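Just so you know, we're using the numbering used here here: the sequence shown kicks off at 124 and counts up by one. Beta carbons are placed, not taken as given, at the ideal position from N, Cα and C, and that holds for glycine. Here the structure is a predicted model, which means the values were calculated and not measured.
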Amino acid sequence: MQSLTLRAANQSDLEQLNELMYQLHDEHHRQSPDFFKTAEDIEQEKSIARYLDNPECLVFVACDDKKVIGFISGHFCELISTVSKPVQMGSIDELYVMPSHRKQGVAGMLCQRIEQTFEEYGVKEMFVEVWDFNQPANQLYHQLGFVSHINWLRKPLGK
């Protein structure tokens with residue numbers, strides 16, 4: 124990496140962000156096609172452009188020179204349930220780093236950047252949902268201090 128920079132995403136990043144979002148969802152679909160929609164289907168339903176336009180959402184990019192090589196998106200929310208006290212939370216919604224730039228600390232830097240911003244806004248906790256098959260992401264989040272909160276268990280029926 125010649126000159127890695129982290130910054131808030133802007134409209135001029137949209138084309139590159141859309142491509143990275145596509146790659147993220149394509150990787151998920153290929154790893155678990157029984158559970159994940161195709162990247163084409165998700166592309167029709169979900170756009171990172173909505174994050175850029177929403178003041179309750181955050182998007183940061185990692186750039187190698189001027190090329191976006193990774194991004195993280197998240198939003199502010201309040202965790203409310205019938206059994207627990209309300210908590211101001213920050214959610215990591217998507218995190219993606221191009222395969223050519225993985226294992227170089229980029230994902231960790233993006234996570235730290237969004238965490239810092241959440242803290243600046245008074246958020247007390249962060250959460251992220253990670254599928255069990257995604258062991259690299261699970262390892263990263265555990266290294267960053269995330270701990271299990273709720274275990275969702277799944278059982279196929281009728282087989």
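Burial state of residue i, where buried means 16 or more other Cβ atoms lie within 10 Å
{"i": "Ser214", "result": "buried"}
{"i": "Tyr264", "result": "buried"}
{"i": "Leu276", "result": "exposed"}
DSSP state of residue i mapped onto helix, strand, coil
{"i": "His265", "result": "helix"}
{"i": "Met124", "result": "Residue placement at Met124 is flagged as unreliable, the pLDDT there being 49, under the threshold of 50; the coordinate-derived value follows with that caveat. The answer is coil: DSSP assigns Met124 none of H, G, I, E or B."}
{"i": "His272", "result": "coil"}
{"i": "Ala132", "result": "coil"}
{"i": "Leu280", "result": "coil"}
{"i": "Ile192", "result": "strand"}
{"i": "Asp157", "result": "coil"}
Cβ-Cβ distance between residue i and residue j below 8 Å
{"i": "Tyr174", "j": "Val184", "result": "no"}
{"i": "Gln211", "j": "Val246", "result": "yes"}
{"i": "Phe188", "j": "His224", "result": "The sequence shown places Asp at residue 188, not Phe. Going by C-beta atoms, Asp188 is not nearer than 8 Å to His224."}
{"i": "Phe241", "j": "Met232", "result": "no"}
{"i": "Ala132", "j": "Phe194", "result": "yes"}
{"i": "Ser196", "j": "Asp216", "result": "yes"}
{"i": "Gln146", "j": "Tyr219", "result": "yes"}
Same chain, Cβ closer than 6 Å to residue i, neighbours up to 5 away in sequence not counted
{"i": "Ile165", "result": "His148"}
{"i": "Ile171", "result": "Leu140, Met144"}
{"i": "Glu179", "result": "His198, Phe199"}
{"i": "Val191", "result": "Asp136, Gln139, Val184"}
{"i": "Leu202", "result": "Val210, Met212"}
Any C-beta of chain B under 8 Å from that of residue i
{"i": "Asp255", "result": "Note that chain B does not occur in the displayed structure, where there is just one protein chain."}
- Item | Residue ranges of each beta strand (DSSP E) within the stretch 196-276, 3 or longer | The stretch 196-276 contains these whole beta strand (DSSP E) runs: 210-220, 248-251.
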